[in-house]
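Just below is one structure, and these are the notes that go with it.
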Amino acid sequence: MAQSRMRCLNRHSLLTLLTVIGVIGGTVTGLVLNQFRSREWTKREIMYVKYPGDLFLRVLKSLIIPLLTSSIVSAIGSLDLSLSKKIAARSIIYYTVTTFCAVVLGIVLVTTIRPGVGIERSAQKKKVDAKIVLTADTLMDLGRNMFPPNIIEATVGQTHIHIKVPKEHEENPRFKNDTYNLRDEYPFWDFEEVLELRNCSRSNGPTRSTSCNLFRLPQ
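Position in the sequence shown (from 1) plus 2 gives the number in this note's numbering.
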């Protein structure tokens, strides 16, 4: 009898127990690695360590929309028809009023404050960094895009690591023409995780063509 109770207790508390063990293990591992490290951790090394946790968080985020949708459908389906009509009508009225107020407030603020006035626009176009790809980043981007945090977002773009070219190299014509190799220095350059959105348009005719515009949004 006691053994069956212990087994039942272990089954119900297994997730909590594993969570506590994971928190304690992560804390101890972080303290140990910090103590035995002679120099400061680089941004890339930190990214490698936190990569499994990032994948786990992306999986959890991807479950939000399906869970919310199924919960709302289940809750509405269990209500009376008359009560559902009242809730739907009030929700539509509330959404319409708040959206109207937000639009009016935005128009008033834009016409009165006029943000951006007085800022001189540079005549030069923004320079596009050279495309730098590392094998490790490509494999990690593949894992990130396999578990998107937003299912709808995954249909229009993909996440990837964008390495920033230092200023001392971006003006060098030899670097632009790829006449000398700096691959050994790439892992030490600054980088950021960006969401690359593609806006494509296709024209059919005598010559079929497709044009795409890329939009990079920092994560």
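From the three backbone atoms N, C-alpha and C, an ideal C-beta is built for every residue, glycine too.
Three-way DSSP call (helix, strand, coil) for Gly118 in this model: One-based indexing of the sequence shown puts residue 118 at position 116. Three-state DSSP puts Gly118 in coil, outside helix and strand.
If the criterion is Cβ atoms closer than 8 Å, does the pair Lys166 and Glu198 meet it? Translated into the one-based positions of the sequence shown, residue 166 becomes position 164. Translated into the one-based positions of the sequence shown, residue 198 becomes position 196. Result no, Cβ atoms of Lys166 and Glu198 do not sit closer than 8 Å.
Find out if the Cβ-Cβ distance for the pair Thr161, Asn147 is shorter than 8 Å. Residue numbering aside, residue 161 sits at position 159 when the sequence shown is read from its first letter. Residue numbering aside, residue 147 sits at position 145 when the sequence shown is read from its first letter. Yes, they are a contact pair.
Considering only DSSP beta bridges, list what His164 is partnered with. Counted from its first residue, the sequence shown places residue 164 at position 162. According to DSSP, which records beta bridges pairwise, His164 is partnered with Glu194.
Along the chain, which unbroken stretches of the alpha helix (DSSP H) at least 4 residues long are found entirely within the region 53 to 87? 66 to 79
Whole angstroms is fine: what's the gap from Leu107's alpha carbon to Thr98's? Here residue 107 corresponds to residue number 105 of the sequence shown, with the count starting at 1. Here residue 98 corresponds to residue number 96 of the sequence shown, with the count starting at 1. C-alpha separation (whole angstroms): 14 Å.
Would you call the CB atoms of Asp143 and Ile163 closer than 8 Å? Taking the first residue of the sequence shown as 1, we reach residue 143 at position 141. Taking the first residue of the sequence shown as 1, we reach residue 163 at position 161. With contacts defined by Cβ atoms closer than 8 Å, Asp143 and Ile163 form a contacting pair.
Quick one: what's got a C-beta closer than 8 Å to Ile23's C-beta in the same chain, skipping five residues either side? As a first step, residue 23 must be located in the sequence shown, where it is residue number 21. Excluding residues within five positions, none has a Cβ falling inside 8 Å.
Distance between beta carbons of Ser86 and Ile78, contact taken as under 8 Å: Here residue 78 refers to the residue found at position 76 of the sequence shown. Here residue 86 refers to the residue found at position 84 of the sequence shown. About 6 Å separates the two Cβ atoms, so the contact holds.
Cβ-based neighbour list, Gln37, same chain, cut-off 6 Å, excluding 5 preceding and 5 following: As a first step, residue 37 must be located in the sequence shown, where it is residue number 35. If we look at Gln37 and ignore the five residues flanking it on each side, it has no Cβ neighbours.
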